[in-house]
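Protein chains in written order, with the numbering used here: chain A, 2 to 119; chain B, 176 to 287.
Report on the structure given below.
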Amino acid sequence: EPEVTQTPSHQVTQMGQEVILRCVPISNHLYFYWYRQILGQKVEFLVSFYNNEISEKSEIFDDQFSVERPDGSNFTLKIRSTKLEDSAMYFCASSEETGRGPKGYGYTFGSGTRLTVV
Amino acid sequence: AQSVTQLDSHVSVSEGTPVLLRCNYSSSYSPSLFWYVQHPNKGLQLLLKYTSAATLVKGINGFEAEFKKSETSFHLTKPSAHMSDAAEYFCVVNNAGNMLTFGGGTRLMVKP
């Protein structure tokens with residue numbers, strides 16, 4: 002079964018440093034997403050990406066965050082200057098079409114990257 | 176605006192007994208609804224989805240859920256729990272666009 006792959010599984014970084022979280026979506030999928038889950042809180046939407054541009058983003062996704070699909074296979078989330086409150090599990094997801102599309106494929110999630118900012 | 180409420184943060188059942196994980200949603204439109212499961216150190220795995228077809232949806236591993244519009248509920252059930260079902264379960268709604276809204280999760284514990 003096709004998988005969404007995320008690397009690294011764990012990352013520890015110092016406050017103020019830049020981090021890049023990497024994801025390889027399923028190859029024929031067109032929509033890509035980042036979600037995060039702060040410990041003890043709900044999974045929250047960050048951003049969706051389609052046709053090489055952001056299609057939706059949440060209030061969390063401020064100027065410190067950026068996404069990129071640099072080479073047609075990877076999908077990255079960059080946090081420019083990390084803060085303590087960025088510590089969370091970050092999930093990448095992809096879908097063949099929107100989840101609400103006629104076939105309702107839903108989304109395939111990766112295993113997540115646990116980011117710890119110290 | 177859409178929201179999802181999972182009524183129980185923890186549910187404990189004995190192996191072989193039925194499982195009921197409750198979910199209520201609010202939505203301005205006819206939503207798509209999903210249940211995802213997360214085993215420790217694993218990703219979010221899709222269990223089942225409702226997308227305005229049959230109201231009783233069957234998923235993997237013997238789980239099913241019934242969409243009840245009048246009650247705005249989408250409860251997850253399984254007739255007989257197995258030890259391997261112990262995990263965190265998330266009810267999720269997709270109202271419009273690409274954004275999913277997650278419930279707070281229910282941790283299912285299965286006792287031998």
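Backbone N, C-alpha and C define an ideal beta-carbon position, used for all residues, glycine too.
Quick caveat: nothing in here was measured; it's all calculated off a predicted structure.
Evaluate K224 (chain B) with the Cβ neighbour count: other Cβ atoms within 10 Å of its Cβ, from every protein chain shown; 16 or more gives buried, anything less gives exposed. Burial state of K224 (chain B) is buried, judged by a 10 Å Cβ sphere holding 16 or more other Cβ atoms.
In whole angstroms, give me the CA-to-CA distance for F33 (chain A) and A94 (chain A). Distance between the alpha carbons of F33 (chain A) and A94 (chain A) is about 6 Å.
Below 6 Å CB to CB, which residues in the same chain sit around V212 (chain B) once its five sequence neighbours on both sides are set aside? Around V212 (chain B): Q220, L222, A262 and Y264.
Interface partners of S112 (chain A) on chain B, CB under 8 Å: Taking a Cβ-Cβ threshold of 8 Å, the residues of chain B close to S112 (chain A) are N216, K217 and G218, in chain order.
Name, going along the chain, the residues of the stretch 256–269 of chain B whose beta-carbon falls closer than 9 Å to a beta-carbon of chain C. No chain C appears in this structure, whose protein chains are A and B.
Let me see if you follow: with CB-CB separation under 9 Å, is V44 (chain A) close to chain B or not? For V44 (chain A), the nearest beta carbon of chain B is closer than 9 Å to its own beta carbon.
V268 (chain B) to S178 (chain B) span [Cα, whole Å]: Going by the C-alpha atoms only, they are around 8 Å apart.
What does a CB cutoff of less than 6 Å around R115 (chain A) pick up in its chain, not counting 5 residues either side in sequence? Counting only Cβ-Cβ distances below 6 Å, and skipping sequence neighbours, we find H11 and M90.
From the DSSP output, in three-state form, read off M16 (chain A) for me. In the structure shown, M16 (chain A) falls within a coil segment according to DSSP collapsed to helix, strand and coil.
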